[in-house]
Amino acid sequence: SVSFSSFLITTDILLVFFWSLGLYQILVIRKNQSHLNFIVLGILLGLAFLSKYAAIYFVISLIFLPFIDKSFRVIVQKHKPKILLLFLTIILILLPNILWNYQNDWITLEHTSSNASLGKLKINPWNSIEFLVAQIVMIGPLLFIAFVYYFYKKTKINTSEQILICFALPALVIILIE
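Sequential numbering of the sequence shown, starting at 4, is according to this note's numbering.
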């Protein structure tokens, strides 16, 4: 039944859903830096984490965003208490999961760590190439060629594209290294 149900829904679907809403919420925050908008982003990221720990890539990207996007850098500088509120909201959403893990010897973190094989980390360029080729095959070679052509022809990358790149590259680089 587990195999059959995985055809219907996976944690990846929930992660992508909350990740997408989180990206949209960043665009909302760029226009309106209300407390509520930061809280909503915190809720979305907390739920993304509850879906899958891979949401850590979103947080890593969010940390890099002010270095890439000048207007977001200004938002962070002007609204530090709201940034703190964002992270407190994430922690509040995650608190039951953190407490459960604490009471159960951090079993899910141990499981995630063993899946990542961080203890057996060996640099192998062939694995990185294999991973990239698998990603290209998965999205489709024509779509990949169109993507490369689009960015090759562009003279300037707009803000939305910068944000998308900022939220794609850290995960890609970390997985390539792994």
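Where is the CB? At the ideal position from N, CA and C, for every residue including glycine.
Problem - Nearest candidate by alpha-carbon position, reference Ile168, set Ile42, Gly49 and Leu65 - result: Leu65
Problem - Local Cβ density within 10 Å of Leu18, reported as buried at 16 or more and exposed below that - result: buried
Practice task
Starting from His38, trace the alpha helix (DSSP H) both ways and give me its first and last residue.
Solution key: His38 to Ser54
Exercise for the section: Ignore the nearest five residues each way along the sequence and tell me which others in Lys196's own chain have a CB closer than 8 Å to its CB. Expected result: Residue 196 lies beyond the stretch modelled for the chain, which goes from 4 to 181, so this question has no answer here.
Exercise for the section: Determine the contact status of Leu2 and Phe21, defining contact as a CB-CB distance below 8 Å. Expected result: Lying before the first or after the last residue shown, residue 2 is absent from the chain, which here runs from 4 to 181.
Practice task
Could you tell me the boundaries of the alpha helix (DSSP H) in which Glu133 lies?
Solution key: Pro128 to Ile142
Problem - Closest residue to Phe52 among Ile93, Ile160, Asn161 and Lys156 (Cα-Cα distance) - result: Ile93
Practice task
Would you check if the distance between the CB atom of Leu50 and the CB atom of Ile29 is smaller than 8 Å?
Solution key: no
Handout entry: Nearest to Pro173 (by Cα), restricted to the options Leu97, Ile63 and Pro128
Key = Ile63
Practice task
Check the C-beta distance from His38 over to Leu88 and give it rounded, since I have them as a contact under 8 Å.
Solution key: 6 Å
Handout entry: Cβ shell of Val31 (< 6 Å), same chain only, five flanking positions each side left out
Key = Asn40
Problem - Nearest candidate by alpha-carbon position, reference Ile178, set Tyr155, His82, Glu133 and Pro99 - result: Glu133
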